[in-house]
Each structure stands twice: as C-alpha cells, then as structure tokens.
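Report on the structure given below.
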Amino acid sequence: MISATRPRLWTALTLTAAVPRVLAAFLLPNAFGDAYAYIREVEALSAKLSSGTFHLTDLYGFWLPLYQFICAALVVLFGHPFYVSKLVSALCGVGICLLVYDITYRLTNHHKAALLTFALVALSPLHIFNSASSMTDIPHAFFVLGGVFFVQRRKWIAAAILIALAGLTRVDSWMLIPLVPALQFFMGRRVSLVACAILIFPPLFWFYISWKATGDWMACFVARKAYMDWLLSVNPSLASFSLAGVARDVGALLLSTDMAVLAACLTAGWLIFKRRKSGRELREVLPVSLFFYAFLGFIVLAYLTHKQPIIFPRYGLLLFALGAPLLPWTFLQLMRLKPLQTRRLLYAIVAVSLFNACVQLAYSAGYIKREYTYGSVASSLREQFRPGTRIFSDDGTVPALSLIAPENFRSSTDAPRDRAGFLSYLKEQEIEYLVFIDRPDSTPAQLFPELRDGAGNEMFEQVMHASSKFLPADVRLYRVKQ
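According to our numbering, the sequence shown holds residues 1 to 482 in order.
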C-alpha cells in the first residue's frame with residue numbers, strides 16, 4: 001500500500017467513499033427485493049444467537065451464510081437488523097473504493113490515475129445504491145478485491161483467507177480455488193499447502209452444513225435447481241433467447257460494468273498476451289486480469305446455459321471494481337504505443353464514463369421511485385393489519401416493507417391454479433387482503449385479469465392503487481370479500 005504515513009490522503013479517500021454510502025444506507029430503500037429475505041435471515045440468526053439456541057445447522061439456507069452471520073452477530077450487540085445489514089454492506093463498499101485506489105496505484109505508479117479511478121468507483125451512483133443495500137454483492141466484491149490486494153503482494157495465506165471469506169459469501173468464488181495456487185506457482189514456482197487448505201474450506205464446510213441439516217450434502221444445489229425449474233416453468237420466455245431479452249441483459253451488464261472499463265479490460269488482455277508483457281509488470285497486472293476474466297466468464301457461461309436466465313445490473317459491480325484499475329493501466333500502455341491518439345482516447349474515456357454515470361443515476365432514481373411505490377402499498381397494508389390477518393402476495397417487496405410477520409402471508413407457490421380451487425383456498429386460509437401485481441407467475445393475475453384495471457369483481461374490492469412509470473410498477477391492494 002502507498003505510504004501509510006499519509007493519513008490526510010486516506011482520511012479524505014475514506015470520507016469521500018463513506019459519506020454517500022452511509023447516508024444512502026439510512027435514507028434509501030434496498031436495491032432489490034432479495035435484500036428483505038436477507039434481513040429476515042439476519043433477524044432469525046440474531047434471535048438464536050442472543051437466546052443461546054444457535055446451532056451450526058441454523059446456517060443452512062438458500063444462500064451461503066457469512067454475510068448474514070456477521071450481520072446477526074452485530075445485531076446481537078447493537079440491534080436494528082435493517083440498518084446493521086445495510087451498514088455492513090456500506091462499509092464493504094468503502095473498503096472496495098480504498099482497495100481500488102491502492103491496486104490502481106500499484107499497477108500504474110501514478111497518483112492522479114489512482115485518484116481518478118477511485119473517484120470513478122466511489123462516485124458511481126449504482127455502486128453507492130447497491131453498497132447501501134442488504135445484499136451480498138458488495139461484501140463479496142470486497143473480499144475478492146482483498147484477495148487480489150494480497151495476491152499482488154504474494155501474501156498467499158492472507159489472500160487465501162480473503163478468497164475463503166468470499167467463498168463463504170457467494171458460491172461464485174469457488175472457481176478461484178484452483179486459480180490462486182496456479183498464480184502462486186506462476187509467480188513463485190511453489191504452492192502453499194496451508195493456502196490450499198484454507199481455499200478448500202468453504203465448499204467442504206458448506207457440504208457438511210448441508211448434510212448435517214438435511215441429510216443431503218448437495219441439498220442447497222438441489223433447492224436451487226428446483227427453484228430455477230419453477231422459474232423457467234412460470235416464465236417460459238426465460239428458457240430461450242430473444243433479441244429483446246439478450247439486449248436487456250447485455251445492457252444491464254454494461255450499465256454496471258461500465259463500457260469504458262470493459263473495453264479497457266479486453267484491451268488489457270490483448271496487451272498482456274499479444275505483446276508478451278513480462279517481469280514485475282506482468283506479475284502486477286496478471287492477477288487483476290485473471291480475476292476479472294474468471295468472473296466475466298462465470299456470468300456469461302451461467303447465462304448461456306440458463307443457470308442464470310436474467311442478468312441484473314448489480315451482477316456487473318464486481319467486474320466494475322476488478323476492472324477499474326485496468327482502465328488507467330491500459331490507457332498508459334496505449335499512450336506509450338500511440339502517443340498522438342492520447343488526447344482523443346482520454347476524451348472518449350471521460351465521455352463514456354460520464355454517460356454511463358448519468359444512465360446509472362437515472363436507473364437508480366427510477367428504481368428508488370419504484371420502491372417507494374411498493375412502500376406506499378405496504379404502509380396502507382400495515383395500517384389495516386390486525387393480529388391474525390392473512391394476506392396473499394406473490395411479491396416479496398410489499399410484505400417485507402410492511403414489517404408484517406412472514407407467517408401472515410400466502411403466495412401462489414401452494415395455491416391451486418384453477419379459479420374455483422383458488423377461491424376455495426382463499427376461504428380456507430381466511431385471506432383478507434390480496435396484493436395484486438400483473439406478472440406471469442402470479443395465479444391471481446392469470447385467473448382474474450379484470451383486477452389489472454382496478455375494476456374488482458364479486459370477490460375483490462380495491463383498497464389502494466400505486467404506480468410508477470419509469471421502471472414501471474403497478475401495485476393494487478384488494479380486500480377479499482367473504
């Protein structure tokens with residue numbers, strides 16, 4: 001790291017990254033509905049930790065457990081699971097910005113280039129928004145960049161620990177298990193057995209937890225496959241590629257990765273392998289490039305095989321953080337090769353980055369407006385809620401924002417798919433309210449198309465309607481007539 005004796009620099013960098021992220025954690029909604037599922041897991045784990053009833057098998061679930069466990073441990077000390085889980089992510093976002101600065105400086109030995117790259121990430125609207133959300137994308141990226149930080153310094157055990165932490169946060173990082181020893185062998189002609197043991201720990205630990213909790217060491221992946229099969233069955237358009245769908249997903253990836261960063265990373269690959277960089281420069285840039293290409297390849301492969309049929313904008317944030325240091329490195333390399341094109345190239349990079357930031361800002365503002373749309377319905381539902389009230393909702397955001405206990409909600413997962421059977425189900429379950437959203441996997445949307453316009457019928461009376469136009473959202477709250 002550049003001299004740690006420059007406290008003013010590091011204080012300024014930390015504040016620049018921290019202020020918008022911490023404020024966003026307190027003021028903005030979460031960036032995706034899954035965040036509320038993470039918060040519920042944090043609440044459940046913290047309750048068991050504080051009561052002394054926690055068992056190792058409580059870590060088992062749909063997602064890997066490290067982020068939730070860290071948040072739960074902090075909630076035991078400070079309470080407020082909603083804000084704690086957001087602040088943990090925000091602090092990891094700050095750490096990413098500082099690591100980007102340091103990695104860039106090490107690659108380029110250029111202070112201004114490192115500062116500009118830091119600013120590119122620290123002031124990215126999408127990165128700020130997701131840093132303030134209760135999800136694993138940003139903490140996972142922090143651990144991965146920490147691994148790169150130590151790989152560059154040949155601190156292999158420290159690198160293995162950070163990569164193992166990433167592997168306990170998201171399964172994507174398991175692919176790094178062979179990559180880190182391969183880099184160590186390439187850079188030093190040796191392999192640390194201790195580092196290898198640390199790297200292999202996350203999958204072994206997770207297989208053990210799965211076996212202990214369910215009797216099947218692959219239970220998590222079986223559940224994921226079942227979910228994916230269900231998702232594709234209710235959304236058949238996702239099971240095949242279409243021009244509009246591919247354009248949407250590619251656009252989402254470019255939005256978060258930044259077109260200038262992606263172009264620089266592709267060019268960096270050409271410079272490394274075609275121009276045969278060698279010596280110290282190769283040892284510095286190769287880990288960053290390989291990590292970037294590994295995660296890019298993972299996303300592309302998962303998408304092409306329909307293991308991940310939708311690409312959300314947040315998926316590219318790790319690529320953005322990994323690739324950002326390669327942007328100034330590539331620019332400086334091209335400046336030496338084609339000095340006459342330097343100014344034109346610089347203008348192009350600035351223009352593309354500013355355009356991307358504007359699109360990110362518009363997208364984030366639209367998403368926030370959409371979340372407030374859901375929030376208004378959730379507030380209305382909370383005001384009318386009485387103990388024992390049951391609600392039908394195929395959307396996860398409204399129930400989470402309502403702060404009503406999950407056991408009060410029902411969904412299409414267990415409901416009959418025919419009209420008579422569905423109405424009988426509502427009566428048997430004593431459902432009093434229906435949160436209606438027109439989506440293909442929702443049974444009410446398929447059986448009662450008249451509810452889309454608020455007309456209601458003999459069974460449903462509209463209580464509230466909220467909508468937003470940009471990033472469209474249309475939510476209606478109906479009272480079920482008994």
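Glycine included, each C-beta is placed from N, C-alpha and C at the ideal position. Small disclaimer: the values here were computed from a predicted structure and weren't measured.
In this structure, how does DSSP classify residue i when only helix, strand and coil are distinguished?
i	result
I391	strand
M228	helix
R248	helix
M464	strand
R21	helix
D34	helix
C191	The residue asked about is misnamed: residue 191 is Val in this sequence, not Cys. Coil at V191, not helix or strand.
I310	coil
L327	helix
R410	strand
F436	strand
I431	strand
A455	coil
R484	One cannot answer for residue 484 here, as it falls past the ends of the chain, which runs 1 to 482.
Q482	coil
T117	helix
N235	coil
What does a CB cutoff of less than 6 Å around residue i pick up in its chain, not counting 5 residues either side in sequence?
i	result
Y36	A400
F483	Only positions 1 to 482 of the chain appear in the structure, and residue 483 is not among them; the question remains open.
A213	T57, Y60
G95	F142
A264	L326, L327, T330
Could you compute how far the alpha carbon of residue i sits from the alpha carbon of residue j?
i	j	result
L231	R283	43 Å
V398	V194	47 Å
V246	A351	25 Å
K48	L66	16 Å
P416	W329	58 Å
S256	Y425	43 Å
G33	F185	42 Å
V76	V84	10 Å
K338	T267	14 Å
S89	A24	11 Å
L120	L254	15 Å
L243	F298	22 Å
Considering only the beta carbon of each residue, do residue i and residue j sit closer than 9 Å?
i	j	result
A252	S353	no
F62	L99	no
Y478	L434	yes
P325	T16	no
F460	V480	yes
I39	L317	no
S376	A466	yes
R314	A31	yes
L238	H140	no
L145	L13	no
L296	L271	no
P178	S192	no
S442	S412	yes
I488	I391	Shown here, the chain extends from 1 to 482; a query on residue 488 therefore has no answer.
Looking only at its own chain, which residues have a Cβ that is under 8 Å from the Cβ of residue i, when we skip the five neighbours before and after it?
i	result
L346	F331
W174	G167, P202, P203
G93	A17, R21, H127, I128, N130, S131, A132, I138, F142
Residues in its own chain within less than 7 Å of residue i by CB, not counting five upstream and five downstream?
i	result
I200	I177
I310	L238, D249
Counting beta carbon pairs with one atom in the stretch 469-482 and one in the stretch 365-373, are three or more of them shorter than 8 Å? yes
When the Cβ atoms of the stretch 108-124 are set against those of the stretch 148-164, are three or more pairs found closer than 8 Å? no
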